[in-house]
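Enquirer:
Number of protein chains: 2
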Amino acid sequence: MNISVLGTGMVGRTIAGRLHELGHTVAIGTRDPQATLARVDPDQMGNPPFTTWHAAHPGVELTTFADAAARASLLVNASSGGATLDVLDLAGADNLRGKVLLDVANPLDFSAGFPPTLSVKDTDSLAEQVQRAYPEVKVVKSLNTLTASLMVDPGSLGESSTVFVSGDDAGAKAEVVELLKSFGHDDVIDLGPLETARGTEMLLPLWLRVMGALGTGQFNFKVVR
Amino acid sequence: MNISVLGTGMVGRTIAGRLHELGHTVAIGTRDPQATLARVDPDQMGNPPFTTWHAAHPGVELTTFADAAARASLLVNASSGGATLDVLDLAGADNLRGKVLLDVANPLDFSAGFPPTLSVKDTDSLAEQVQRAYPEVKVVKSLNTLTASLMVDPGSLGESSTVFVSGDDAGAKAEVVELLKSFGHDDVIDLGPLETARGTEMLLPLWLRVMGALGTGQFNFKVVR
Numbered sequence: 027m028n029i030s031v032l033g034t035g036m037v038g039r040t041i042a043g044r045l046h047e048l049g050h051t052v053a054i055g056t057r058d059p060q061a062t063l064a065r066v067d068p069d070q071m072g073n074p075p076f077t078t079w080h081a082a083h084p085g086v087e088l089t090t091f092a093d094a095a096a097r098a099s100l101l102v103n104a105s106s107g108g109a110t111l112d113v114l115d116l117a118g119a120d121n122l123r124g125k126v127l128l129d130v131a132n133p134l135d136f137s138a139g140f141p142p143t144l145s146v147k148d149t150d151s152l153a154e155q156v157q158r159a160y161p162e163v164k165v166v167k168s169l170n171t172l173t174a175s176l177m178v179d180p181g182s183l184g185e186s187s188t189v190f191v192s193g194d195d196a197g198a199k200a201e202v203v204e205l206l207k208s209f210g211h212d213d214v215i216d217l218g219p220l221e222t223a224r225g226t227e228m229l230l231p232l233w234l235r236v237m238g239a240l241g242t243g244q245f246n247f248k249v250v251r
Numbered sequence: 027m028n029i030s031v032l033g034t035g036m037v038g039r040t041i042a043g044r045l046h047e048l049g050h051t052v053a054i055g056t057r058d059p060q061a062t063l064a065r066v067d068p069d070q071m072g073n074p075p076f077t078t079w080h081a082a083h084p085g086v087e088l089t090t091f092a093d094a095a096a097r098a099s100l101l102v103n104a105s106s107g108g109a110t111l112d113v114l115d116l117a118g119a120d121n122l123r124g125k126v127l128l129d130v131a132n133p134l135d136f137s138a139g140f141p142p143t144l145s146v147k148d149t150d151s152l153a154e155q156v157q158r159a160y161p162e163v164k165v166v167k168s169l170n171t172l173t174a175s176l177m178v179d180p181g182s183l184g185e186s187s188t189v190f191v192s193g194d195d196a197g198a199k200a201e202v203v204e205l206l207k208s209f210g211h212d213d214v215i216d217l218g219p220l221e222t223a224r225g226t227e228m229l230l231p232l233w234l235r236v237m238g239a240l241g242t243g244q245f246n247f248k249v250v251r
């Protein structure tokens, strides 16, 4: 499948690399490819620059958000939550129309430091904001409840754990669930319409505090029933 | 131990019954014991009136919030979140002083229907509101992330799952953890200071949507790591 990932951070890289490994044709979109390739210093989280990752993953093409969106049938929003609407604007409504958009971002607001708060919650969600802005895009929320490496390799925990999907389009959700299964997810709970993304986005404040208590982000929630 | 439960709803009854079964001296507090005993109809959730439950648990004494608070060394806040500050006011600061208060309530706001939103979140929590109002009470937040029957009998799921504790007083937290273990909880994560209750209270929007998807509240989250 032609899949494009929007965002060159650790989440975008991790998902793009795994999709390519699984045999998909993968592009990764950024605002300005030349600027992305010109960076040589680690980012503010200490992650190596994109070029370091790209050298190890030459099969993933770096391109603009617009070109990335145009060439794919399925898109992954791996931009930061605060940038998502800008990123989609750059991708362009014409390039997005009719596509499935797997939204893995969270609306984190770091303006008051750590831990971040949520810029939208309880009565709305980032996923719904995106859906309202692009009614012809099939938005599916998933994977926003666990760290990047576990998004694409949950089996590394050595025990089954849960991911959730929320979306208004049944076909798009089925497509995303197939993708999740190919990553190794064996417990996918369909929460229902996109409104239910309010629930998974609001898990983040707990996720952050569990990470603080455990000293690692290498964990995931399992719904025991 | 002398333990009092504030609140005669299903959560209060379930916890009080279990504590009594475990050998504690248990009182259950209500606004007006005569009024509580006079009710003969099921509540708005369809639960049987208090008297039905009380007939099966005669060892648990029904009394006022103030008397319940005065006689116990450990209190359980099982009132609804919206009523909690009123309930504690009726219990009385003098009766609460120096006590451990296990707060299992969530700040649910049903004013816009179902699903409820949270009346406080992200930058504050019900637990912190209580702590600020009663600085001499040792507030510990726990058990607010699962349904009443599983609060006191998590083993009925047939698989280990997680509960969280948040609180500023280490001794009070240790006391609560002992109680949790006596209920059968074998995976207790200490999230740290009471501020971390923001995380567990914000789990409720997801909990409600998982309940909707599964059609039952008989589930719990496990932190797989």
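If you read the sequences in order, they're chains A and B.
Sequential numbering from 27 applies to the first sequence in our numbering.
Sequential numbering from 27 applies to the second sequence in our numbering.
Using N, Cα and C, we set each Cβ at its ideal position, and we do this for glycine too.
Bear in mind that the values here come from a model prediction, so they are computed numbers and not experimental data.
Does the count of Cβ pairs from the region 100 to 108 of chain B and the region 75 to 83 of chain B closer than 8 Å reach three?
Expert: No, they do not touch.
Enquirer: What residue from B:LEU116, B:VAL214, B:ASP150 and B:ARG39 has the CA that sits closest to B:ALA200's CA?
Expert: Position 174 of the second sequence, counted from the start, is the residue given in the question as residue 200 of chain B. Nearest option by C-alpha distance: B:VAL214.
Enquirer: Using the rule of at least 16 other Cβ atoms within 10 Å of the residue's Cβ for burial, across every protein chain shown, is B:GLN60 buried or exposed?
Expert: For the purposes of this step, residue 60 of chain B is taken as the residue at position 34 of the second sequence. The residue is exposed, with fewer than 16 neighbouring Cβ atoms inside 10 Å.
Enquirer: For A:VAL66, does the three-state DSSP call read helix, strand or coil?
Expert: In the first sequence, counting from the first residue as 1, residue 66 of chain A sits at position 40. In the structure shown, A:VAL66 sits in coil (DSSP, three-state: anything other than H, G, I, E or B).
Enquirer: Taking 8 Å as the threshold (C-beta atoms), are A:SER192 and A:THR222 in contact?
Expert: One-based indexing of the first sequence puts residue 222 of chain A at position 196. One-based indexing of the first sequence puts residue 192 of chain A at position 166. Cβ atoms of A:THR222 and A:SER192: closer than 8 Å.
Enquirer: I need the straight-line Cα distance from B:GLY35 to B:GLN244, nearest angstrom please.
Expert: Counting from 1 along the second sequence, the entry for residue 35 of chain B is found at position 9. Counting from 1 along the second sequence, the entry for residue 244 of chain B is found at position 218. Between B:GLY35 and B:GLN244, the C-alpha separation is close to 18 Å.
Enquirer: Kindly indicate which three-state DSSP category B:PHE247 falls into: helix, strand or coil?
Expert: Counting from one through the second sequence, the residue named residue 247 of chain B turns up at place 221. If DSSP states are grouped into helix, strand and coil, B:PHE247 belongs with the strands.
Enquirer: Can the beta-carbon of A:PRO133 be found less than 8 Å from the beta-carbon of A:LEU152?
Expert: On the first sequence, position 107 is the one that residue 133 of chain A refers to. On the first sequence, position 126 is the one that residue 152 of chain A refers to. Yes, Cβ-Cβ distance for A:PRO133 and A:LEU152 is below 8 Å.
Enquirer: Looking only at DSSP bridge pairs, what is A:GLU87 linked to?
Expert: Translated into positions along the first sequence, residue 87 of chain A becomes position 61. According to DSSP, A:GLU87 bridges with A:ALA53.
Enquirer: Within 8 Å of any Cβ in chain B, is that where the Cβ of A:GLN155 sits?
Expert: If you number the first sequence from 1, residue 155 of chain A lands on position 129. Chain B contact via Cβ: absent.
Enquirer: Starting from B:LEU183, follow the beta strand (DSSP E) in both directions and report where the run begins and ends.
Expert: Looking up residue 183 of chain B in the second sequence gives position 157. B:LEU183 -> no beta strand (DSSP E), and no H or E assigned at all.
Enquirer: What does B:THR173 reach in chain A if we use C-beta pairs closer than 9 Å?
Expert: Walking along the second sequence from the start, residue 173 of chain B turns up at place 147. Simply none; closest approach about 11 Å.
Enquirer: With a threshold of 8 Å on Cβ separation, who are the neighbours of B:VAL156 within its own chain once the five nearest residues in sequence on each side are excluded?
Expert: In the second sequence, the residue the question calls residue 156 of chain B occupies position 130. Hits under 8 Å: ASN103, THR110, LEU111, LEU114, LEU127, ASP129, VAL163 and VAL165.
Enquirer: Along the chain, where does the alpha helix (DSSP H) containing A:ASP115 start, and where does it finish?
Expert: On the first sequence, position 89 is the one that residue 115 of chain A refers to. Where A:ASP115 is concerned, the enclosing alpha helix (DSSP H) stretches over 110 to 117.
Enquirer: Can you confirm whether the region 174 to 190 of chain B touches the region 38 to 51 of chain B when touching is taken to mean that 3 or more C-beta pairs between the two stretches lie within less than 8 Å?
Expert: yes
Enquirer: Mapping DSSP to helix, strand and coil, what is A:GLY193?
Expert: Position 167 of the first sequence, counting from 1, holds the residue named residue 193 of chain A. Correct three-state label for A:GLY193: strand.
Enquirer: Expressed to the nearest angstrom, what Euclidean distance is found between the alpha-carbon atoms of B:GLY184 and B:LEU45?
Expert: Residue 184 of chain B sits at position 158 when you count from the first residue of the second sequence. Residue 45 of chain B sits at position 19 when you count from the first residue of the second sequence. When rounded, the distance between both Cα atoms is 21 Å.
Enquirer: Threshold first: 4 residues or longer. Then list the alpha helix (DSSP H) segments lying entirely within the region 216 to 247 of chain B, N to C.
Expert: 223 to 227 and 230 to 240
Enquirer: In whole angstroms, give me the CA-to-CA distance for A:SER145 and A:ASP135.
Expert: Here residue 145 of chain A refers to the residue found at position 119 of the first sequence. Here residue 135 of chain A refers to the residue found at position 109 of the first sequence. The straight-line gap from Cα to Cα measures roughly 6 Å.
Enquirer: Taking 8 Å as the threshold (beta carbon to beta carbon), is A:ASP216 in contact with chain B?
Expert: Position 190 of the first sequence, counted from the start, is the residue given in the question as residue 216 of chain A. Yes, A:ASP216 lies at the interface with chain B (some Cβ there is under 8 Å from its Cβ).
Enquirer: Count the C-beta pairs between the region 230 to 250 of chain A and the region 231 to 246 of chain B that are closer than 8 Å, then say yes if the count reaches three, no if not.
Expert: Judged by pairs of C-beta atoms under 8 Å, the region 230 to 250 of chain A touches the region 231 to 246 of chain B, as three or more such pairs exist.
Enquirer: Strictly by DSSP, which residues pair up with A:ILE29?
Expert: For the purposes of this step, residue 29 of chain A is taken as residue 3 along the first sequence, with counting starting at 1. Looking at the DSSP assignment, A:ILE29 forms a beta bridge with A:VAL52 and A:LEU100.
Enquirer: Identify the continuous beta strand (DSSP E) that holds A:VAL126 and give its terminal residues.
Expert: Your numbering for residue 126 of chain A matches position 100 in the first sequence. Its beta strand (DSSP E) spans residues 126 to 129.
Enquirer: Please report the residue range of the beta strand (DSSP E) in which A:VAL178 lies.
Expert: For the purposes of this step, residue 178 of chain A is taken as residue 152 along the first sequence, with counting starting at 1. No beta strand (DSSP E) holds A:VAL178; the alpha helix (DSSP H) holding it covers 174 to 178.
Enquirer: Cα-Cα, which of B:ALA239, B:GLY238, B:GLY241 and B:LEU217 is closest to A:LEU240?
Expert: On the first sequence, position 214 is the one that residue 240 of chain A refers to. When only C-alpha atoms are compared, the closest one is B:LEU217.
Enquirer: Take the Cβ of B:ASN28 as the centre, count every other Cβ of all protein chains shown within 10 Å, and call the residue buried at 16 or more, exposed below.
Expert: As a working mapping, residue 28 of chain B is identified with position 2 in the second sequence. With fewer than 16 Cβ atoms within 10 Å of its Cβ, B:ASN28 is classed as exposed.
Enquirer: My understanding is that A:SER168 touches A:LEU206, with C-beta atoms under 8 Å, so please give their C-beta distance in whole angstroms.
Expert: Counting from one through the first sequence, the residue named residue 168 of chain A turns up at place 142. Counting from one through the first sequence, the residue named residue 206 of chain A turns up at place 180. 7 Å between Cβ atoms; contact.
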